[in-house]
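All you need for this note's numbering is the position in the sequence shown, starting with 1, plus 1.
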Amino acid sequence: MEQKQKKKQPRYRPHYANLSAYKKTLDLDEQFTISTAKVPRELRYGRLADLRNMILDIMVNIAYADMDETERITYIEKAERLLDRLKVEVRILYDLKMIKMSGLDAIIAEEGNLAAQLAGWKNSTIEKLNK
């Protein structure tokens with residue numbers, strides 16, 4: 002007997018996954034992973050794991066900002082503060098010679114892209130509220 006094949010249901014893709022800020026955070030995470038790949042194992046599962054969790058927290062705040070229009074600016078500002086902290090900590094990684102200059106430059110570029118997206122989103126939200 003032939004088994005009926007189940008139709009694959011399209012996977013639900015939440016709206017925030019299409020946001021530029023969310024995509025830029027994914028790019029930042031990817032670049033962070035690449036730039037820190039050669040860091041010693043004991044650091045990778047300690048401080049670097051904390052920093053990757055910070056990137057995840059930025060993504061969560063972006064998702065919440067997308068889902069809650071009444072608190073959107075609050076969540077965007079939380080994401081911006083986390084990004085500012087991440088910038089400082091990545092620079093410290095470089096100062097401690099845990100990442101190379103090329104890795105630092107690549108991460109800084111992704112951080113700048115994300116910061117621009119968050120600022121633009123925040124400004125457009127403020128403009129809509131003031132209309």
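Glycine included, every Cβ here is placed at the ideal spot set by N, Cα and C.
Asked                                                                                                        : Found
Rounded separation between G113 and E72 - CA only                                                            : 24 Å
Distance, D58 Cα to A96 Cα                                                                                   : Here residue 96 is Asp; the residue named in the question, Ala, does not match the sequence. Going by the C-alpha atoms only, they are around 24 Å apart.
Whole-number beta carbon distance between K88 and N62, since they are thought to touch under 8 Å             : Between K88 and N62 the Cβ distance is about 16 Å, and since that is not below 8 Å, they are no contact.
Best match in D28, A66 and T37 for proximity to H16 [C-alpha to C-alpha]                                     : A66
Option in D85, I77, L29 and R48 with minimal Cα separation from G104                                         : L29
Of the residues Y46, L49 and K39, the one placed nearest K101, counting alpha carbons only                   : K39
Own chain partners of E90 with C-beta closer than 7 Å, once the 5 adjacent residues on each side are dropped : L52
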